[in-house]
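Read left to right, the sequence shown gives residues 4 to 418 (the numbering used here). Encoded as structure tokens, the structure appears first; notes follow it.
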Amino acid sequence: MIIVISILGYLLSSAISANSRESEIIKNVTQGYEFNIFNWERENFFDKWISYINPFDNHKKIKSSEQLIQYLSLVEKINLNENLYSKLFTEKLDLDYKIKKGKIDINIAKIKTNEINTEIEQLVEKINKDKVIKNEKKIHAEQFLEENISSAIQSEQVNIFDNIFYVPVDLSLEKTPKLLVISPRDKIFRQEDKLLNSNISLEAINNMELTLLEENNLSAIVVPTGGVSTYPSIVSEGDLLYILQTAAHEWLHNYLALFPLGRSYFTSTDMQSINETICDIFGNEVGIIAYEKIMDRKIDNEINQTKKINKEFNFDKFMKETRLVVEKLLSEGKILESESFMDERRMILSSNGYDIRKINQAYFAFYGTYGGNPESSNNYYDNLIQIRKRYKNLGDMIHDIKYSDNIEKIYSLLE
Numbered sequence: 004m005i006i007v008i009s010i011l012g013y014l015l016s017s018a019i020s021a022n023s024r025e026s027e028i029i030k031n032v033t034q035g036y037e038f039n040i041f042n043w044e045r046e047n048f049f050d051k052w053i054s055y056i057n058p059f060d061n062h063k064k065i066k067s068s069e070q071l072i073q074y075l076s077l078v079e080k081i082n083l084n085e086n087l088y089s090k091l092f093t094e095k096l097d098l099d100y101k102i103k104k105g106k107i108d109i110n111i112a113k114i115k116t117n118e119i120n121t122e123i124e125q126l127v128e129k130i131n132k133d134k135v136i137k138n139e140k141k142i143h144a145e146q147f148l149e150e151n152i153s154s155a156i157q158s159e160q161v162n163i164f165d166n167i168f169y170v171p172v173d174l175s176l177e178k179t180p181k182l183l184v185i186s187p188r189d190k191i192f193r194q195e196d197k198l199l200n201s202n203i204s205l206e207a208i209n210n211m212e213l214t215l216l217e218e219n220n221l222s223a224i225v226v227p228t229g230g231v232s233t234y235p236s237i238v239s240e241g242d243l244l245y246i247l248q249t250a251a252h253e254w255l256h257n258y259l260a261l262f263p264l265g266r267s268y269f270t271s272t273d274m275q276s277i278n279e280t281i282c283d284i285f286g287n288e289v290g291i292i293a294y295e296k297i298m299d300r301k302i303d304n305e306i307n308q309t310k311k312i313n314k315e316f317n318f319d320k321f322m323k324e325t326r327l328v329v330e331k332l333l334s335e336g337k338i339l340e341s342e343s344f345m346d347e348r349r350m351i352l353s354s355n356g357y358d359i360r361k362i363n364q365a366y367f368a369f370y371g372t373y374g375g376n377p378e379s380s381n382n383y384y385d386n387l388i389q390i391r392k393r394y395k396n397l398g399d400m401i402h403d404i405k406y407s408d409n410i411e412k413i414y415s416l417l418e
């Protein structure tokens, strides 16, 4: 418990430090949309522990992969119905607009409106019923996932724990906060960022980004987050492998907070990228181990590749080329040309099945933090993979690297 309190103390002190460093520009533009980590911890920290010691909860626990898949299928069903609700609601607003402008026969409009209203009512009823079932099962799904991730972390392939430090895996499946990321326009640099509420509207997001661009000459983007290393970690709902890998990634952030590597996160953008890349490598490996244990089969490389994309289109190569061209244009002072180029590339991506809302300097500043991403321009991922190959056991690598608080110490492991 002392270890958990230490992690929580570090997370909250980091949040206080981040608030104190926050610029007035960020404070003004995000007012009313901020994600409050203190309130979230107060509301969520003890929930799982209470459930674990509640003897009356035992019969509700998820004890098999089949039960977990049923839960995840229910979550997917709710998400699909919520998307359909948004589509119907938009259609209704469009009809209202056409009625006001006299662009549609009033009788036809009334019939269509009534049909949409009926569909919406039925859909809302379904969504609400399914959410009741989901909320009853959520904490037990989380516990099942936590147990399997813990088992993977303690497996022979990983075995990260020694006799002193044990950090329980604790996660909350929910809509994760969004993140506002800011970069100068004349270079790609993660200048500042701030967590925002998950329910912020697209209109508010666009206004925020536009204000920072037009009034402050800053490149800004609000991006979704897959997870946040609060305690418990916030993990977005998705397919099973994604959840396991994201949860393991966020868990390692919490574990590393006890050591020099994790505490160096905010000292520079380089150490930020190193931390994220190590957590990616760890999360990917541990997630696969946990997945194969739950599903009792080896992972399929084509798993969850259901999105209709052009298989001949090389996304990674395309994005690497895009970043290189953008950096060249910016180095020549051609800011407007680089921004036009990024928008053109976004449209090409869309035509090949990759729908990205916005690509700008802040986009590359954020996604480039993760060394394994094609948007990155550093070589941290390749070097860390070389370090990983020197260890038979993933936990041994983490044990050696966690005491490094600068790049030189990390690269000494390559010597």
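For each residue, glycine too, the CB sits at the ideal point set by N, CA and C.
{"Asked": "Taking C-alpha atoms, which residue in Y258, Y74, F316 lies nearest to I136?", "Found": "Y74"}
{"Asked": "Would you mind reading off the limits of the beta strand (DSSP E) that contains P263?", "Found": "That residue, P263, is in no beta strand (DSSP E); its alpha helix (DSSP H) goes 263 to 266."}
{"Asked": "May I ask you to report which of helix, strand or coil DSSP gives A223?", "Found": "strand"}
{"Asked": "Taking buried to mean at least 16 other C-beta atoms within 10 Å of its own C-beta, is T233 buried or exposed?", "Found": "buried"}
{"Asked": "Using the C-alpha atoms, what's the distance from I81 back to S407?", "Found": "44 Å"}
{"Asked": "To the nearest angstrom, how far is it from the Cα of D299 to the Cα of S67?", "Found": "11 Å"}
{"Asked": "Can you name the start and end residues of the alpha helix (DSSP H) that L75 belongs to?", "Found": "68 to 103"}
{"Asked": "Select from V78, V328, L352, A365 the residue whose C-alpha is nearest the C-alpha of Q194.", "Found": "A365"}
{"Asked": "Is K405 near the ligand ADP - that is, is its Cβ less than 7 Å away from at least one heavy atom of it?", "Found": "Questions concerning the ligand ADP fall outside what the structure shown contains, since it holds no ligand whatsoever."}
{"Asked": "What are the start and end residues of the beta strand (DSSP E) that includes I237?", "Found": "236 to 238"}
{"Asked": "Between which two residues does the beta strand (DSSP E) carrying E195 extend?", "Found": "195 to 199"}
{"Asked": "Comparing alpha-carbon positions, which option in L198, A223, F262 lies nearest N210?", "Found": "A223"}
{"Asked": "In the structure shown, what three-state DSSP assignment does E37 receive?", "Found": "strand"}
{"Asked": "How do the stretch 349 to 369 and the stretch 215 to 229 stand: do at least 3 beta-carbon pairs fall below 8 Å, yes or no?", "Found": "yes"}
{"Asked": "Run the CB neighbour count on S379, radius 10 Å, all protein chains shown included, and call it buried at 16 or more, exposed below.", "Found": "buried"}
{"Asked": "Report the rounded CA-to-CA distance for E288 versus V161, giving the unit in angstroms.", "Found": "9 Å"}
{"Asked": "Can you list, in chain order, the residues of its chain with a C-beta nearer than 7 Å to that of L397? Leave out the 5 residues immediately preceding and following it.", "Found": "Q160, V161, F285, E288"}
{"Asked": "Is it buried or exposed, S353, if we count other Cβ atoms within 10 angstroms and call 16 or more buried?", "Found": "exposed"}
{"Asked": "Just curious, the alpha helix (DSSP H) that K178 is in, first and last residue?", "Found": "Here K178 belongs to no alpha helix (DSSP H), and DSSP marks it neither H nor E."}
{"Asked": "According to the Cβ coordinates, are Y88 and V127 closer than 8 Å?", "Found": "yes"}
{"Asked": "May I ask you to verify whether the stretch 91 to 98 touches the stretch 119 to 134, counting CB pairs closer than 8 Å and requiring at least 3?", "Found": "yes"}
{"Asked": "Measure the C-alpha to C-alpha separation of N84 and I237 and round it to an integer number of angstroms.", "Found": "23 Å"}
{"Asked": "What are the partner residues of P187, as DSSP defines its beta bridges?", "Found": "L221"}
{"Asked": "Are three or more beta carbon pairs between the stretch 340 to 356 and the stretch 318 to 326 nearer than 8 Å?", "Found": "yes"}
{"Asked": "Would you tell me roughly how many angstroms separate the C-alpha atoms of I28 and L199, rounded to the nearest one?", "Found": "15 Å"}
{"Asked": "How close, in whole Å, do the beta carbons of S276 and G356 come, if the pair is a contact with beta carbons under 8 Å?", "Found": "That pair is no contact at about 28 Å."}
{"Asked": "Write down the C-beta distance between D399 and L416 rounded to the nearest angstrom, noting that I regard them as a contact closer than 8 Å.", "Found": "The Cβ separation is near 11 Å, so there is no contact."}
{"Asked": "Quick check: the Cα distance between E253 and S76, rounded to an integer number of angstroms?", "Found": "24 Å"}
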